[in-house]
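Peer 1: Chains as they are written, first to last, in this note's numbering: chain D, 18 to 355; chain U, 37 to 553. We put the beta carbon where it would ideally sit given N, CA and C, even for glycine. After the structure tokens below, expect a handful of questions from me.
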């Protein structure tokens, strides 16, 4: 495998890791008005993602950084082509981050309710916007021979962007619900479980459709098989949550994402930005990449850094592994039965 | 205004704003880690209270730094795509390494520190804070290495096929002398910001307590006293180090970017020996160098630039001609230069900006050091200064090192115009790598789009600044007993914490460094 392929895989892994981790905190935040019927429940929901969201978000920074570092041609065509959507994502991420911190810096009902709403709004914007960007980069943007967008500010927002946006949101909602069922106790756990059971099958459809479409464009027998795994994992998730096996449902729903992104990135390779104007204008791994020397340096850095990151992030999850409940008398009710 | 100007304003506003949070995060992070270490070693309650009070300010500030830092990661691609393509082989990898090797460390371990009180062993918990702080320092190094490569590109050759720099020596990029100078200067400047905060807030609380008749023997008193003393020593020591590192950096810049430095002095014609300008009047804003009249100290500039009192320092007028001869008198008549295509190139940065920001940086640093020295003198042998002018002046001077930091960066970035990647004079002209700012913007993005994002981000940042300032002032006024929302351990003045954890046995999941989700 040449270094460009290695780094294409690395970028795919980083985006997948981001969606897998930030997906549940996006989902929990988006579900605040749905599942957080009481103030205690909302606090419980926020506590479940409190120590984790910031570390999860670094996966986004690293994914974008890796795209820039390994494939500047991809970075320099993708971001300006979706200029305003990316700016909106940034606004969403900024207001969400400060809201997490500021919400409890002052103690009035109004203040609390306002920042809780900001967390939901920011997370929704960010999930939809990042989904749109990923949908567009795998299904097509109107790019000319120089990789420059044509057709004005909103020409990048076609159906691929809409599909990607809905897919990431749908995945995140159920991911967040299953996470809550796994991580909390009491009425919230039951409500989250019921939500996941009701919506898992529907919410997976856009993600499966997206993966299926990318497969039809450039897939192989292998991506077809992986896509089937994703579809099967949806059914498994639904079946396990029905019998209250939250840990298994969480694992199965994670497989839905892993298999879907594997299909998407596997079928898209070696194209990183398909042009909807002409396939001759497609931005490819080879055309977009940096020199082999730089890729080698980065391979060493990632080979050392990524296992270390995975190690200490895993340790964080282990430290905060206890199931949370609204009753302060029993803060450490039981361990996760994942 | 065309896309170039709007995009430059956007970069300037978002980056200067981001850099208000960064030095406080780095500087205060180090000092809070020291406080926490002192608590773990001595078990004295005042160190724990200091850790919690200053730790909370560190966190309120940290989150805004993270949020506004996200914009940085994206905007090179969004508004400066041609720049991103050009520098991709060097610049992108430094950003990615920053994320992978530093930012992950910082964010993950800070989460562990915030929520880890009482969950992980005391010493491991302390180690999580140090890991986060080391993360922020390593992060600063990678970002400054990336910036310094733009100031002084090393370790690259020109790729004949694309005309872009191709990295051949990564170690040279990491050990770029420009980067080492800028990194050390930035790090000590960050400590000045934290030192000034400790001094200003500490003096204000000491005075308030003393006037209210509170005893000078209790834990709270020693919290503020220790804060002032620590802040004072840090302010003075860090100022001396900024002067040393700044002097080294200036001498380096005279070799690497002489126009930046002569513009900092508004030195129009070459002089030997050259005087250092203290203050200037005249049409400095017109960028007509010869209309400037300044009060000067003879010989000093020769010393600052070259280490002796006689060597000639080149003037702006001569350098402008030199650069025009080397890099062209006009921009190429090429669409990639946008509105600037075919226009004359002004190699002199905006004199008013470079000249005054350079002076602002130095004078604000001096103010900060003077306040630190005053605080040490005024609190000697247990004294408490109650003079309102001195105390409120010290409080206001918390802003001084922030201004100095911002002015320093505005100077260094505006001073390298019209280049975004400055030619390295150490390599032969034919092998130099350079890039004009005029050719760096994204070609497909319209002025309306950039104007939309500029106004959106500016309004958002303004609103965030208002809330942030209100929260910080409220929290600082509240002090250590009420400000963090939870009772501090050891309620009695001479008491010690009930056990190793804040809040003692009553701790619940909500009691997490007053960061109660």
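Nearest chain D C-beta to residue 56/U closer than 8 Å, yes or no?
Peer 2: Not an interface residue.
Peer 1: Using the DSSP secondary-structure output, state which residues sit across from residue 244/D in a beta bridge.
Peer 2: BP columns for residue 244/D are empty, so no partner.
Peer 1: Are the beta-carbon atoms belonging to residue 274/U and residue 224/U less than 8 Å from one another?
Peer 2: In this structure, residue 224/U lies closer than 8 Å to residue 274/U by Cβ.
Peer 1: With a threshold of 7 Å on Cβ separation, who are the neighbours of residue 240/U within its own chain once the five nearest residues in sequence on each side are excluded?
Peer 2: Counting only Cβ-Cβ distances below 7 Å, and skipping sequence neighbours, we find 427 and 431.
Peer 1: What ranges does the alpha helix (DSSP H) occupy inside the segment 273-346 of chain D, keeping only unbroken runs of at least 4 residues that lie completely in it?
Peer 2: Whole alpha helix (DSSP H) segments, 4+ residues: 302-305 and 309-336.
Peer 1: Does residue 200/D pass the burial test, meaning 16 or more other C-beta atoms within 10 Å, or should it be called exposed?
Peer 2: Buried: at least 16 other Cβ atoms inside 10 Å.
Peer 1: Which residues in chain D have a C-beta closer than 7 Å to the C-beta of residue 144/U? List them in chain order.
Peer 2: By Cβ distance, chain D contributes 72, 329, 330 and 333.
Peer 1: Beta carbon of residue 292/D, beta carbon of residue 160/D: below 8 Å?
Peer 2: Yes. Within cutoff.
Peer 1: With a threshold of 8 Å between beta carbons, is residue 111/D in contact with chain U?
Peer 2: Answer yes: the Cβ-Cβ gap between residue 111/D and chain U drops below 8 Å somewhere.
Peer 1: When the distance is taken between beta carbons, is residue 107/D closer than 8 Å to residue 107/U?
Peer 2: Cβ atoms of residue 107/U and residue 107/D: closer than 8 Å.
Peer 1: Say whether chain A places a C-beta atom closer than 8 Å to the C-beta of residue 491/U.
Peer 2: The chain inventory of the structure shown lacks chain A, comprising the protein chains D and U.
Peer 1: At 8 Å on the CB atoms, spell out the chain U contacts of residue 315/D, in chain order.
Peer 2: Within chain U, the residues near residue 315/D are 129, 132 and 133.
Peer 1: Taking only the alpha-carbon atoms, compute the straight-line gap between residue 521/U and residue 138/U and give it to the nearest angstrom.
Peer 2: Its pLDDT being 39, under 50, residue 521/U is placed unreliably by the model, and the measurement read from it follows with that caveat. Near 31 Å, if we compare the C-alpha coordinates of residue 138/U and residue 521/U.
Peer 1: Within its chain, find whatever has a CB closer than 6 Å to the CB of residue 346/D; leave out the 5 residues flanking it on each side and keep chain order.
Peer 2: Legend: pLDDT at residue 346/D = 36, less than 50; position of this residue unreliable, no value from coordinates given.
Peer 1: Considering only residues of the same chain and omitting the five flanking positions on each side of residue 289/U, which have a CB-CB separation below 7 Å?
Peer 2: Taken in chain order, the residues that qualify are 296 and 297.
Peer 1: Check whether the segment 265-282 of chain U and the segment 190-202 of chain U touch, using three or more Cβ-Cβ pairs below 8 Å as the test.
Peer 2: Contact between the segment 265-282 of chain U and the segment 190-202 of chain U is absent, because fewer than three Cβ pairs lie under 8 Å.
Peer 1: Assign residue 18/D to one of three DSSP states: helix, strand, or coil.
Peer 2: Three-state result, residue 18/D: coil.
Peer 1: Please tell me whether residue 179/U has its Cβ less than 8 Å away from any Cβ of chain D.
Peer 2: So no, residue 179/U is outside the interface.
Peer 1: Check the Cβ of residue 156/U against every Cβ in chain D and list those closer than 9 Å, keeping chain order.
Peer 2: Those are 336, listed as they occur along chain D.
Peer 1: List the residues of chain U that residue 178/D touches, going by C-beta distances under 8 Å, in chain order.
Peer 2: None at all; the shortest Cβ gap to chain U is about 16 Å.
Peer 1: Leaving out five residues on either side along the sequence, give the residues of the same chain with a beta carbon under 6 Å from the beta carbon of residue 67/U.
Peer 2: Counting only Cβ-Cβ distances below 6 Å, and skipping sequence neighbours, we find 230.
Peer 1: Please state the DSSP three-state secondary structure of residue 166/D.
Peer 2: The answer is strand: DSSP assigns residue 166/D an E or B state.
Peer 1: If you draw a straight line from the alpha carbon of residue 214/D to that of residue 140/D, how long is it in whole angstroms?
Peer 2: Distance between the alpha carbons of residue 214/D and residue 140/D: 22 Å.
Peer 1: State buried or exposed for residue 124/D, treating a residue as buried only when at least 16 other CB atoms are found within 10 Å of its CB.
Peer 2: The residue is exposed, with fewer than 16 neighbouring Cβ atoms inside 10 Å.
Peer 1: Let me know if residue 193/U comes out buried or exposed under the rule of 16 or more other beta-carbons within 10 Å of its beta-carbon.
Peer 2: That one is exposed.
Peer 1: Spatial neighbours of residue 102/D within its chain, please: C-beta separation below 6 Å, excluding the five flanking residues on both sides.
Peer 2: If we look at residue 102/D and ignore the five residues flanking it on each side, its Cβ neighbours are 146 and 149.
Peer 1: Which one or two residues does DSSP pair with residue 471/U in a beta bridge?
Peer 2: The partner list for residue 471/U (beta bridge, DSSP) reads 457/U.
Peer 1: Classify residue 88/D as helix, strand or coil using the three-state DSSP reduction.
Peer 2: Here residue 88/D sits in coil by DSSP.
Peer 1: If you follow the alpha helix (DSSP H) that residue 201/U is in, where does it begin and where does it stop?
Peer 2: Run containing residue 201/U: none in the alpha helix (DSSP H); it sits in the beta strand (DSSP E), 201-203.
Peer 1: Check residue 379/U in the structure and name its three-state DSSP category.
Peer 2: Note: residue 379/U maps to coil in three-state DSSP.
Peer 1: Could you work out which residue in 338/D, 179/D and 116/D is closest to residue 144/D when comparing CA atoms only?
Peer 2: Minimum Cα distance to residue 144/D is reached at 179/D.
Peer 1: Against residue 22/D, what residues of chain U qualify as contacts under a CB-to-CB distance less than 8 Å, listed in chain order?
Peer 2: Those within 8 Å of residue 22/D in chain U number zero; the least Cβ separation is about 17 Å.
Peer 1: Going residue by residue through the segment 387-461 of chain U, where are the continuous beta strand (DSSP E) segments of at least 3 residues, counting only ones entirely within it?
Peer 2: Qualifying beta strand (DSSP E) stretches, in chain order: 455-457.
Peer 1: Applying the criterion that 16 or more other CB atoms from any shown protein chain within 10 Å of the CB defines a buried residue, is residue 525/U buried or exposed?
Peer 2: With a pLDDT of only 42 at residue 525/U, under the threshold of 50, the placement of this residue in the model should not be trusted, and no figure is reported.
Peer 1: At the 8 Å Cβ level, is residue 119/D part of the contact set with chain U, yes or no?
Peer 2: Closer than 8 Å to some Cβ of chain U, the Cβ of residue 119/D qualifies, so yes.
Peer 1: Would the segment 352-366 of chain U count as touching the segment 300-319 of chain U if we require 3 or more Cβ pairs under 8 Å?
Peer 2: Segments in contact, yes.
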